[in-house]
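Position in the sequence shown (from 1) plus 326 gives the number in the numbering used here.
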Amino acid sequence: MNAKNVTGKTTAPVKVAVPNVSNLIDSNVYYAMQDVSLHLKTKESWRGKIPTQLGFSKEDKEALNLITFAIMKDVWAPDGVNWEGFLPYVMLRQIRKRFTWDSKPSNKRYFIKKIPNFEEELNEYAVKEMEKAGAGNFARYIQAEAKKVSSETVKLYKAARTFATLVEYEEMRDRLRPDIIETTRAEILLDLKNFFDLPGYYELAFGIGKYAKLKQLIRTISCARYTFRWQNYTTNIHCNILTHMLESAMISYLQNLERGVTSTDILMKEFWVMLFQ
Numbered sequence: 327m328n329a330k331n332v333t334g335k336t337t338a339p340v341k342v343a344v345p346n347v348s349n350l351i352d353s354n355v356y357y358a359m360q361d362v363s364l365h366l367k368t369k370e371s372w373r374g375k376i377p378t379q380l381g382f383s384k385e386d387k388e389a390l391n392l393i394t395f396a397i398m399k400d401v402w403a404p405d406g407v408n409w410e411g412f413l414p415y416v417m418l419r420q421i422r423k424r425f426t427w428d429s430k431p432s433n434k435r436y437f438i439k440k441i442p443n444f445e446e447e448l449n450e451y452a453v454k455e456m457e458k459a460g461a462g463n464f465a466r467y468i469q470a471e472a473k474k475v476s477s478e479t480v481k482l483y484k485a486a487r488t489f490a491t492l493v494e495y496e497e498m499r500d501r502l503r504p505d506i507i508e509t510t511r512a513e514i515l516l517d518l519k520n521f522f523d524l525p526g527y528y529e530l531a532f533g534i535g536k537y538a539k540l541k542q543l544i545r546t547i548s549c550a551r552y553t554f555r556w557q558n559y560t561t562n563i564h565c566n567i568l569t570h571m572l573e574s575a576m577i578s579y580l581q582n583l584e585r586g587v588t589s590t591d592i593l594m595k596e597f598w599v600m601l602f603q
């Protein structure tokens, strides 16, 4: 049916473009992932080790992990590496942190050793919780796709996470309880040794040689957690620059899936662009 504009003239019908929305991503998925971000914001890392209320959130840590990995992969990732499954692996990790407890590394090593399929059981539990939130199709997709990630990629990501933990420790060791400072340092060093076979990783960890400036760069980026957004608003939920970077990248990933983008190369590139935008 034709319509008349304000001049009284007849105009052609207006055609509204309808976005190509897949069955995988809907409003429930966005709400569910918003809930994941909110809970990671309000969960403190280093719980029990900081004598004040000023701590680092789980979302801070996940953001720093990814930023560190993005930098490290350009140094240590082999040519032609297949990144398939990496972003789902990262998303599943965040979902799991939303619905499960977080334990210190020594406890995790014990559980993995003593409980059959410990990691898989935690993933399954987290996915079922996402299903209750109405994001079941997305959660199952993430769970299935995460299994495609290569062991080499997982190792490099774990190396980045361990280095990020060291950076955090060095930032706040003066605020840690005196009785656990050396114990924590020993635990971090134990994990670091698992990645000393990566050429230059030792130098990066201790900030020596040609990687000294690279470590300083990552430490500087880590300090973005101290710059809060929405400074002129009253809120007890802190949103800092570091977590905003992570959330921007996650939303980019969801929107690309909603548009039907399946190319791992495109998904990864746009994820990194939004992480550092």
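Note that CB positions come from ideal geometry on N, CA and C, so glycine has one too.
- The criterion of a C-beta distance shorter than 8 angstroms is satisfied by Val355 and Ala461.
- DSSP places Glu450 in the helix class (H, G or I) of the three-state scheme.
- In this chain, the alpha helix (DSSP H) harbouring Trp402 covers Lys384 to Trp402.
- Partner residues in the beta bridge of Asn566, as assigned by DSSP, are Phe554.
- CA-CA distance, Ala485 to Tyr495, rounds to 15 angstroms.
- Taking C-alpha positions only, Arg487 is separated from Thr590 by approximately 22 angstroms.
- By the neighbour-count definition (other C-beta atoms within 10 Å, threshold 16), Tyr483 is a buried residue.
- Cβ contact annotation for Ile514 (same chain, cutoff 8 angstroms, sequence separation greater than five): Thr488, Thr491, Leu492 and Tyr495, in chain order.
- In the DSSP assignment, Glu370 forms a beta bridge with Ser383.
- Per DSSP, reduced to three states, the secondary structure at Phe522 is coil, with no helix or strand assignment.
- Note that the C-beta distance between Val362 and Ile438 is not below 8 angstroms.
- For Arg424, the uninterrupted alpha helix (DSSP H) run begins and ends at Phe412 to Phe425, by DSSP.
- Taking the C-beta atoms as reference points, Val475 is found nearer than 8 angstroms to Gly411.
- Sequence-distant partners of Arg545 (beyond 5 residues in either direction) whose C-beta falls short of 6 angstroms from its own C-beta, in its chain, are Val493.
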